[in-house]
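Peer 1: The structure is given below, and queries will be raised subsequently.
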Amino acid sequence: MPSPPRVIVLPDLARPEPRSGAGSGSLSWLPAAAKRPLAAGYRRTLALLDAVRARRRRRALASQCAGADLVLANSAATAAVAAEVVPRDRLWLRVAPSPRLFAGEVCGPGAEVAAVAGRVGGFVVASEADRDSVERATCAVSAQVLVAPADTESAALGQLIIQGSQAGASRRPARRALVAGFDLKFAADLAQQLDRRPDLAVTVDDWPELGRPTRHTRARLRAADAIFAEWARTSAIWLARHKRPGQLLVVRLHRFELDSHYPGQLPVDAVDAMVYIAPLFGRRIRRQLGWPAEKLLYIPNYLDVARFDRPKLPDARFTIGFVGMEWSRKRFDLALDLLAAVRRVQPRFRLLVRSTMPWHNPYVWSAPAERAYVSQCFQRIERDPLLREAVRFDPPGRDMPRWYREVGFLASTSDEEGSHASVAEAMAAGTVPVIRPWPGAAEVYDRCWVHDGTEAAAAAVLTSDDEPVWTEQARRAQSEIRHSHDPAAVTAAWADLLHGDLAGARQHFEDRVGADLSRIDVDAEATLAGGPAETERRMVDIG
């Protein structure tokens with residue numbers, strides 16, 4: 007019979023009292039020439055004593071925590087010390103924020119929590135309000151926060167240990183994996199999860215610009231056994247050209263790359279696998295690029311489903327959300343059409359927009375057509391009585407799970423998307439998606455969420471106006487995304503892939519692919535390792 011999980015709770019370490027008394031001041035009777043070296047020696051002695059005490063404290067902590075499945079610190083100061091001897095994934099911090107914590111604090115509880123956020127596996131709090139507080143303070147990282155009131159904390163921690171042991175179980179030897187590229191927003195959480203596995207040691211190489219490696223890239227590349235190139239563009243081409251023979255290279259393609267010249271410059275022989283994030287793109291890669299089907303596999307974006315599962319705020323079912331309205335191709339005007347249509351019947355509805363404003367994006371604001379489009383949308387909000395005072399704009403941020411607590415429906419009205427990660431996040435949060443039929447939408451998400459036109463979308467929203475109906479729809483959306491974007495399956499698929507097991511990786515989501523890619527005809531103009539783009543040479547220098 008397996009032994010019960012062992013949890014060590016560390017008491018709050020006493021802070022050292024400020025030193026007073028014997029110092030240079032007590033040597034005032036000595037001449038300055040003698041006092042200075044004596045005072046310096048005294049300070050060196052104190053520093054040595056502090057170092058000895060710190061070593062003893064670390065040894066005592068290491069002995070105390072040996073064999074623990076999970077170590078729970080009661081203060082940020084204790085966690086900072088314990089982090090020197092306890093692996094990050096086994097160290098958690100219990101936080102009971104009496105004051106509200108905020109991002110950017112330079113001192114106080116918020117600053118202390120933020121300082122250790124990258125050194126602990128997560129935080130344990132007693133309420134949703136405390137979770138919001140901790141997430142505000144740690145907004146620079148994607149912190150895991152477990153809500154566990156005192157009477158359920160032991161059971162919650164036990165479940166956490168069991169989940170961690172199941173996720174990390176592996177008999178494979180550890181491999182060194184490099185996650186590299188520019189703009190790693192879709193790969194950061196996945197890399198963190200992969201690094202928690204005993205069979206992978208992950209290094210992240212975040213490029214400062216599209217065609218510019220970091221000063222550490224070459225050394226990190228030499229040290230890696232497997233490479234995960236995020237985005238099939240300049241960085242992937244550079245990695246393919248500079249990797250060692252025998253190194254495994256996996257490239258992940260999203261959407262926009264297929265409309266660019268970058269994938270055509272990827273040398274197919276140097277790439278062991280190409281991952282695509284939506285079933286439609288597997289067929290497009292096969293047709294447009296002619297890549298062999300055995301190198302292509304579908305794995306959805308990683309989504310921490312549990313992090314988004316939170317209770318809704320009152321009247322959330324009368325709130326439509328919209329994420330990202332910078333570009334006109336997101337079709338914010340159609341979201342306004344939807345809002346106006348439902349408010350004609352039920353004026354309680356409102357629209358919450360989470361986005362960078364278009365004028366803050368120089369690529370958008372430099373295009374006259376984009377500026378004109380934005381102007382039309384805002385003039386309409388101001389002039390239409392159905393829209394006036396019914397639209398709220400929120401700045402972007404990492405606290406999306408908290409934002410979704412206010413949102414009952416999410417509108418996805420784009421002309422084109424990859425898989426629209428915001429839809430998956432919304433569904434994980436129990437938000438009902440309202441999706442325009444952009445190409446491939448009904449393959450990523452159930453057809454019941456996809457509506458042909460504003461009238462059909464408005465009817466779907468108004469049908470769910472009744473609370474029991476909306477609650478059932480939200481439950482159904484959550485259930486779907488837990489299966490289709492199962493984070494454990496996504497992590498396991500990537501772990502198999504980075505160990506070179508393409509067949510094992512493919513099995514995790516094989517039922518979602520649909521078409522047999524090997525039976526898809528390749529376009530006559532498709533050319534491996536180049537094609538028309540090879541002669542264009544419009545890309546930035548990739549070294």
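In terms of this note's numbering, the sequence shown is residues 7 to 549.
Where a beta carbon is used, it is the ideal one built from N, C-alpha and C, also for glycine.
Quick check: what's the CA-CA separation for Ala156 versus Glu134?
Peer 2: Here the question's residue 156 lines up with position 150 in the sequence shown. Here the question's residue 134 lines up with position 128 in the sequence shown. Roughly 13 angstroms separates the two Cα atoms.
Peer 1: Which whole runs of the beta strand (DSSP E) in the stretch 115 to 197 are 3 residues long or more, in chain order?
Peer 2: 128 to 131, 151 to 153, 181 to 188
Peer 1: Please classify Trp297: is it buried, with 16 or more other beta-carbons within 10 angstroms of its beta-carbon, or exposed?
Peer 2: To locate residue 297, count along the sequence shown from 1; it is residue 291. Answer is buried; the Cβ neighbour count reaches 16.
Peer 1: Using a Cβ-Cβ cut-off of 8 angstroms (strictly less than) and excluding sequence neighbours within five positions of Glu422, which residues of its own chain qualify?
Peer 2: Locating residue 422 in the sequence shown gives position 416, where the first residue counts as 1. Closer than 8 angstroms at Cβ, skipping near neighbours: Arg261, Arg335, Trp444, Pro445.
Peer 1: Would Glu486 and Asp452 qualify as a contact pair, given that the criterion is a beta-carbon distance under 8 angstroms?
Peer 2: Locating residue 486 in the sequence shown gives position 480, where the first residue counts as 1. Locating residue 452 in the sequence shown gives position 446, where the first residue counts as 1. Cβ atoms of Glu486 and Asp452: closer than 8 angstroms.
Peer 1: Report the rounded CA-to-CA distance for Pro37 versus Asp56, giving the unit in angstroms.
Peer 2: Residue mapping note: residue 37 aligns to position 31 of the sequence shown, counting from 1. Residue mapping note: residue 56 aligns to position 50 of the sequence shown, counting from 1. Computed Cα separation, rounded: 29 angstroms.
Peer 1: Pro391: buried (16+ other C-beta within 10 angstroms of its C-beta) or exposed?
Peer 2: The sequence position of residue 391 within the sequence shown is 385, counting from 1. Pro391 comes out exposed.
Peer 1: Let's see if you can read the secondary structure: which residues bound the alpha helix (DSSP H) around Trp500?
Peer 2: In the sequence shown, counting from the first residue as 1, residue 500 sits at position 494. Taken as a continuous stretch (DSSP letters only), the alpha helix (DSSP H) holding Trp500 covers 493 to 504.
Peer 1: With C-beta atoms as the reference, is Ser361 less than 8 angstroms away from Val329?
Peer 2: In the sequence shown, the residue the question calls residue 361 occupies position 355. In the sequence shown, the residue the question calls residue 329 occupies position 323. Yes; because the gap between Cβ atoms is below 8 angstroms, this pair is in contact.
Peer 1: List, from N- to C-terminal side, the alpha helix (DSSP H) runs of 4 residues or more that fit wholly inside the stretch 314 to 369.
Peer 2: 338 to 351
Peer 1: How long is the line joining the alpha carbons of Ala417 and Arg62, rounded to whole angstroms?
Peer 2: Against the sequence shown, residue 417 aligns to sequence position 411. Against the sequence shown, residue 62 aligns to sequence position 56. Roughly 57 angstroms separates the two Cα atoms.
Peer 1: If we ignore side chains and look at the alpha-carbon of each, how far apart do Leu76 and His491 end up?
Peer 2: Along the sequence shown, one-based indexing puts residue 76 at 70. Along the sequence shown, one-based indexing puts residue 491 at 485. Near 27 angstroms, if we compare the C-alpha coordinates of His491 and Leu76.
Peer 1: For the beta strand (DSSP E) containing Phe287, list its first residue and its last residue.
Peer 2: By 1-based counting over the sequence shown, the position of residue 287 is 281. Per DSSP, Phe287 belongs to no beta strand (DSSP E); it is in the alpha helix (DSSP H), 285 to 290.
Peer 1: As an exercise, report each continuous beta strand (DSSP E) stretch of at least 3 residues that is fully enclosed by the stretch 435 to 494, in chain order.
Peer 2: As far as the stretch 435 to 494 is concerned, its whole beta strand (DSSP E) runs of at least 3 residues are 438 to 441.
Peer 1: Does DSSP put Asp275 in a helix, a strand or coil?
Peer 2: Start at 1 with the first residue of the sequence shown, and residue 275 comes out as number 269. Of the three classes helix, strand and coil, the one that applies to Asp275 here is helix, per DSSP.
Peer 1: Could you tell me the distance, in whole angstroms, from the CA atom of Ala232 to the CA atom of Glu159?
Peer 2: Sequence index remark: in the sequence shown, residue 232 carries index 226 (1-based). Sequence index remark: in the sequence shown, residue 159 carries index 153 (1-based). Using only the alpha carbons, I get a separation of about 39 angstroms.
Peer 1: For the beta strand (DSSP E) that Phe415 lies in, which residues bound it at each end?
Peer 2: Here residue 415 refers to the residue found at position 409 when the sequence shown is read from its first residue. Phe415 -> beta strand (DSSP E) spans 415 to 418.
Peer 1: Applying the criterion that 16 or more other CB atoms from any shown protein chain within 10 Å of the CB defines a buried residue, is Ser81 buried or exposed?
Peer 2: Translated into positions along the sequence shown, residue 81 becomes position 75. By the 10 Å Cβ count, Ser81 comes out buried.
Peer 1: Could you tell me whether any Cβ in chain D is nearer than 8 angstroms to the Cβ of Trp365?
Peer 2: Annotation note: the requested chain D is absent from the structure, which comprises a single protein chain.
Peer 1: Taking just the CA atoms, how far does Asp275 sit from Ser470?
Peer 2: As a first step, residue 470 must be located in the sequence shown, where it is residue number 464. As a first step, residue 275 must be located in the sequence shown, where it is residue number 269. When rounded, the distance between both Cα atoms is 51 angstroms.
Peer 1: With C-beta atoms as the reference, is Phe234 less than 8 angstroms away from Val277?
Peer 2: The count along the sequence shown starts at 1 and reaches residue 234 at position 228. The count along the sequence shown starts at 1 and reaches residue 277 at position 271. The answer is no: Cβ separation not under 8 angstroms.
Peer 1: Would you grab the beta carbon distance between Leu503 and Ala511 for me? Rounded to a whole angstrom, and I think it's under 8 angstroms.
Peer 2: Taking the sequence shown and counting its residues from 1, one reaches residue 503 at position 497. Taking the sequence shown and counting its residues from 1, one reaches residue 511 at position 505. Their Cβ separation, rounded to whole angstroms, is 4 angstroms, which keeps Leu503 and Ala511 in contact under 8 angstroms.
Peer 1: Please classify Leu55: does DSSP put it in a helix, a strand, or coil?
Peer 2: Position 49 of the sequence shown holds residue 55. If DSSP states are grouped into helix, strand and coil, Leu55 belongs with the helices.
Peer 1: Between Met433 and Gln479, is the Cβ-Cβ spacing less than 8 angstroms?
Peer 2: Counting from 1 along the sequence shown, the entry for residue 433 is found at position 427. Counting from 1 along the sequence shown, the entry for residue 479 is found at position 473. Not in contact: Met433 and Gln479 (Cβ atoms no closer than 8 angstroms).
Peer 1: Going along the chain, which residues of its own chain have a beta-carbon closer than 8 angstroms to the beta-carbon of Val348, five neighbours each way excluded?
Peer 2: As a working mapping, residue 348 is identified with position 342 in the sequence shown. Ile326, Phe355, Ala464, Val467, Leu468, listed in sequence order.
Peer 1: Who are the Cβ neighbours of Phe338 in its own chain at under 6 angstroms, not counting the five residues just before and after it?
Peer 2: Taking the sequence shown and counting its residues from 1, one reaches residue 338 at position 332. The answer, listed in chain order, is Met331, Cys383.
Peer 1: Counting C-beta neighbours from all protein chains within 10 Å, is the total for Arg42 16 or more, i.e. buried, or is it exposed?
Peer 2: Mapped onto the sequence shown, residue 42 falls at position 36. By the 10 Å Cβ count, Arg42 comes out exposed.
Peer 1: State buried or exposed for Arg290, treating a residue as buried only when at least 16 other CB atoms are found within 10 Å of its CB.
Peer 2: Sequence index remark: in the sequence shown, residue 290 carries index 284 (1-based). Around the CB of Arg290, 16 or more other CB atoms lie within 10 Å, so the residue is classed as buried.
Peer 1: Spell out a yes or no on whether the stretch 188 to 196 and the stretch 298 to 312 are touching, meaning 3 or more CB-CB pairs, one atom from each, closer than 8 angstroms.
Peer 2: yes
Peer 1: For Thr223, write down the residues that DSSP places opposite it in a beta bridge.
Peer 2: Walking along the sequence shown from the start, residue 223 turns up at place 217. According to DSSP, which records beta bridges pairwise, Thr223 is partnered with nothing at all.
Peer 1: Am I right that Arg94 and Ala74 are in contact with their C-beta atoms under 8 angstroms? What's the rounded C-beta distance?
Peer 2: Along the sequence shown, one-based indexing puts residue 94 at 88. Along the sequence shown, one-based indexing puts residue 74 at 68. That belief does not hold up - the Cβ atoms of Arg94 and Ala74 are roughly 14 angstroms apart, past 8 angstroms.
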